[in-house]
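Novice: Note that my numbering has the sequence shown beginning at 1194, numbered continuously upward. Think of the CB as a built atom: it goes at the ideal place given N, C-alpha and C, for glycine as much as any other residue. Can you keep this structure in mind? I'll have questions shortly.
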Amino acid sequence: MKKILLALSVVLLLSGCYKDDINDLKNDVNDLKNRMAQYENLLDVLNKRLYVVNYETKDGSYVITMSDGSKLNVRNTSSFIKIGENGNWWIDGVDTGKSAKGESGAKGEAAKITIGANGNWFVDNVDTGVSASGQKGKDAAEITSVALANGIMTFTFADGRTISIVASAPEITLPNPTGGFAVDKMQWFKVQPQLTNAANATYKWIVNSQEVAATTDLFYIFSAAGTYNIEFKAKNGVGESSKSFTVTVAEKAYLNKITRVFDFFPAPGQFVNALPAATATDTDETMRVKAETALTAGNMISLGGFGGYVQFGFDHTIINKEGNDFVVLGNAFTDWAEPGIVMVSYDANGNGKADDEWFEIAGSEHNKTTTIKNYEMTYYKPEAEPTNPNEPNYIRWTDNQGQTGYIAKNQFHKQTFFPLWKGNTVTFKGTFLKSNIYDKSGGKGNNWANPAYEWGYTDNWANADVRGQIDISWAVNAKGESVKLKGVDFIKVYNSNRAEGGWLGEVSTEVSGFKDLNLP
């Protein structure tokens, strides 16, 4: 019986040892697979011409991020070697006291990392005096060190093989204009640096010690003449680069008025075809020129009913300074406002045309429940002019809210109210504001008032009233989100109302000029 128990114990012992050996072997195989996978991953990085953009220690590993966003995990049992801020070689966070400067390890060359016969780390054949204990004798496929020097990250394996990958701070190349960087004040200054190794990088533009942008390109405007010092910084997880230069900003005199009309499209109204005068032979272009001639001379144009608009520009950029920046002139007076919504845009593509994104100046009515965003109204040309000089059902309109109505004819204006140079229908889109119009005569219809909105519109307060001034900082995008604009080059004004005041006719926004509050 004892012999049987002894034999059984031996069998169980051998069986246990065998299972342990099998488990150890499986672990070794899996470990080898992982190490080989690291090697293959690094080769894949080389084949794809990727580069290192960041590295960090996390959960017992070095996490190395490549330019395509992929990550490589290296167990931190491997030594990490780099050049410290003092110019010495550092190994696993310890200063070796050995300078990394000199003829060896020039920029663009990978550092040579080896374990010497004395068991120390050698960098470019120089004994660092730091023991490589724990790395010697590792399996051939295992990484013994990760070295970062001269913009190269080198992975050294136990068998001496190395794989080197670019791991540098972003490299910056600036344009070199003949005569240096120069621009007139109140004009856009644009610099587009060329960047390499810039995946996942962050940027800073600094003008006279003040950060002004965090973008790849600089799009800036100077309000005063002078010489300015500019620095551009680009940073990734490996390091930071910078370039500095100066720009000469010249003095320039500008006109404080509208200098160009880009588009003019009035909605039907009692002053249409009269301000400015139109004929049946006019076109979009001839009417644009007429509107431009009027506004550049300080004369008034009418935008007609809801949606009618004009787009205009200047010989300089309107800078967004602290406080109010400009006023669009109209003809509002006490108790009679014809408020127009103001849109602003800047010449982002640099072609001098008003074809960039528009931003709405969000005035006092913008977020009220009575305001309708994305409102749309269509006007229909009448088949003939009415015989009744006060015809109430003159020009039919419909909107995207299911409503319909008419613009009434007015005996004081004999011409057709529908723009002569347009087709049978015209459609306008924008933000609709509920009018403040009311009959002061108690229903008699002989005394109408249309009080102004609080702020943020044109032809809303008298031209000299500060409440008619506009701050560019009130601008919002199509989603209603506030935007930070350095300046604007183009302005669009359109009528925000569809309302009539009896014998006074429809509420029609007028524009008579413009004033940049930054200029005298």
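#1: What first and last residue would you give for the alpha helix (DSSP H) that runs through Glu-1485?
#2: For Thr-1571, which residues in the same chain have their Cβ closer than 6 Å to its Cβ, ignoring the five residues on either side in sequence?
#3: In the DSSP assignment, what residue or residues form a beta bridge with Ala-1311?
#4: Smallest Cα separation from Arg-1660: which of Pro-1644, Pro-1459, Gly-1673 and Asp-1508?
#5: For Arg-1481, is the classification buried or exposed, using 16 other Cβ atoms within 10 angstroms of its Cβ as the cut-off for buried?
#6: Determine the closest residue to Val-1323 out of Thr-1527, Gly-1286, Asp-1540 and Met-1536, with distance taken between C-alpha atoms.
#7: Do Pro-1579 and Lys-1607 have their C-beta atoms within less than 7 Å of each other?
#8: Take the Cβ of Arg-1354 as the centre, count every other Cβ of all protein chains shown within 10 Å, and call the residue buried at 16 or more, exposed below.
#9: Going by DSSP in three states, Asp-1237 sits in which element: helix, strand or coil?
#10: Compute the Euclidean distance between the alpha carbons of Asn-1466 and Val-1700, then round it to the nearest angstrom.
#11: Taking DSSP as the reference, what is the three-state secondary structure of Val-1256?
#12: Between the Cα of Ile-1554 and those of Glu-1576, Thr-1527, Tyr-1568 and Val-1520, spot the shortest distance and give me the residue it belongs to.
#13: Which stretch, first to last residue, makes up the beta strand (DSSP E) that contains Glu-1404?
#14: Just to confirm, are Trp-1398 and Ala-1406 a CB contact at a threshold of 7 Å?
#15: May I ask you to verify whether the stretch 1557–1568 touches the stretch 1624–1632, counting CB pairs closer than 8 Å and requiring at least 3?
#16: Residue range of the beta strand (DSSP E) that Phe-1425 falls in?
#17: Give the DSSP-derived three-state secondary structure of Arg-1691 in the structure shown.
#18: Out of curiosity, what's the CA-to-CA distance linking Ser-1675 and Ile-1665?
#19: Give the single residue among Asp-1288, Glu-1444 and Ala-1362 whose Cα lies nearest to the Cα of Tyr-1248.
#20: Answer yes or no: do Gly-1501 and Asn-1688 have a C-beta to C-beta separation smaller than 7 Å?
#21: Can you name the residues that DSSP bridges to Gly-1506?
#22: In the DSSP output, what is Ala-1470 paired with across the bridge?
#23: Please state whether the Cβ-Cβ distance between Val-1376 and Ser-1271 is less than 7 Å.
#24: Please classify Glu-1322: does DSSP put it in a helix, a strand, or coil?
#25: Starting from Leu-1411, follow its DSSP beta bridges and name the residues at the other end.
#26: What's the gap between the Cα of Glu-1647 and the Cα of Gly-1556?
Specialist: The structure says:
#1: Counting from one through the sequence shown, the residue named residue 1485 turns up at place 292. From DSSP, the alpha helix (DSSP H) with Glu-1485 extends over 1477–1489.
#2: Position 378 of the sequence shown, counting from 1, holds the residue named residue 1571. Closer than 6 Å at the Cβ level, and outside the excluded window around Thr-1571, lie Thr-1591, Thr-1618 and Thr-1620.
#3: By one-based count along the sequence shown, residue 1311 stands at place 118. The question names Ala, but residue 1311 in the sequence shown is Asn. None, per the DSSP bridge assignment.
#4: Residue numbering aside, residue 1660 sits at position 467 when the sequence shown is read from its first letter. Comparing Cα-Cα distances from Arg-1660 to each of Pro-1644, Pro-1459, Gly-1673 and Asp-1508, the minimum goes to Pro-1644.
#5: Along the sequence shown, one-based indexing puts residue 1481 at 288. Burial call: buried.
#6: Stepping through the sequence shown from its first residue, residue 1323 is reached at position 130. Minimum Cα distance to Val-1323 is reached at Gly-1286.
#7: Numbered from 1 along the sequence shown, position 386 holds the residue referred to as residue 1579. Numbered from 1 along the sequence shown, position 414 holds the residue referred to as residue 1607. When the beta-carbon positions are compared, Pro-1579 and Lys-1607 stay at least 7 Å from each other.
#8: Within the sequence shown, numbered from 1, the residue matching residue 1354 stands at position 161. So Arg-1354 counts as exposed.
#9: Working through the sequence shown from its first residue, we reach residue 1237 at position 44. Asp-1237 falls in the helix class under three-state DSSP.
#10: Counting from 1 along the sequence shown, the entry for residue 1466 is found at position 273. Counting from 1 along the sequence shown, the entry for residue 1700 is found at position 507. Using only the alpha carbons, I get a separation of about 16 Å.
#11: Along the sequence shown, one-based indexing puts residue 1256 at 63. Residue state for Val-1256 is assigned as strand, using DSSP reduced to three classes.
#12: Taking the first residue of the sequence shown as 1, we reach residue 1554 at position 361. Comparing Cα positions, the closest option is Val-1520.
#13: Start at 1 with the first residue of the sequence shown, and residue 1404 comes out as number 211. Run containing Glu-1404: 1403–1406, per the beta strand (DSSP E) assignment.
#14: As a first step, residue 1398 must be located in the sequence shown, where it is residue number 205. As a first step, residue 1406 must be located in the sequence shown, where it is residue number 213. In this structure, Ala-1406 lies closer than 7 Å to Trp-1398 by Cβ.
#15: Yes: the two stretches touch, three or more of their Cβ pairs being nearer than 8 Å.
#16: Stepping through the sequence shown from its first residue, residue 1425 is reached at position 232. Where Phe-1425 is concerned, the enclosing beta strand (DSSP E) stretches over 1419–1428.
#17: Against the sequence shown, residue 1691 aligns to sequence position 498. DSSP places Arg-1691 in the coil class of the three-state scheme, outside both helix and strand.
#18: Position 482 of the sequence shown, counting from 1, holds the residue named residue 1675. Position 472 of the sequence shown, counting from 1, holds the residue named residue 1665. About 10 Å.
#19: Translated into the one-based positions of the sequence shown, residue 1248 becomes position 55. Residue Ala-1362 is the option with its Cα nearest to Tyr-1248.
#20: Here residue 1501 refers to the residue found at position 308 of the sequence shown. Here residue 1688 refers to the residue found at position 495 of the sequence shown. With respect to Asn-1688, Gly-1501 sits close: the two C-beta atoms are nearer than 7 Å.
#21: Taking the sequence shown and counting its residues from 1, one reaches residue 1506 at position 313. Per DSSP, Arg-1453 and Phe-1683.
#22: Reading the sequence shown from its first residue, position 277 is the one you call residue 1470. Beta-bridge annotation (DSSP): Ala-1470 is paired with Ala-1467.
#23: Counted from its first residue, the sequence shown places residue 1376 at position 183. Counted from its first residue, the sequence shown places residue 1271 at position 78. No, these two residues do not count as a Cβ contact at 7 Å.
#24: Locating residue 1322 in the sequence shown gives position 129, counting from the first residue. Sequence inspection shows Gly at residue 1322; the Glu mentioned does not correspond to that position. DSSP places Gly-1322 in strand when its eight states are reduced to three.
#25: Locating residue 1411 in the sequence shown gives position 218, counting from the first residue. Partner residues in the beta bridge of Leu-1411, as assigned by DSSP, are Val-1384.
#26: In the sequence shown, the residue the question calls residue 1647 occupies position 454. In the sequence shown, the residue the question calls residue 1556 occupies position 363. A straight-line Cα-Cα distance of about 8 Å links Glu-1647 and Gly-1556.
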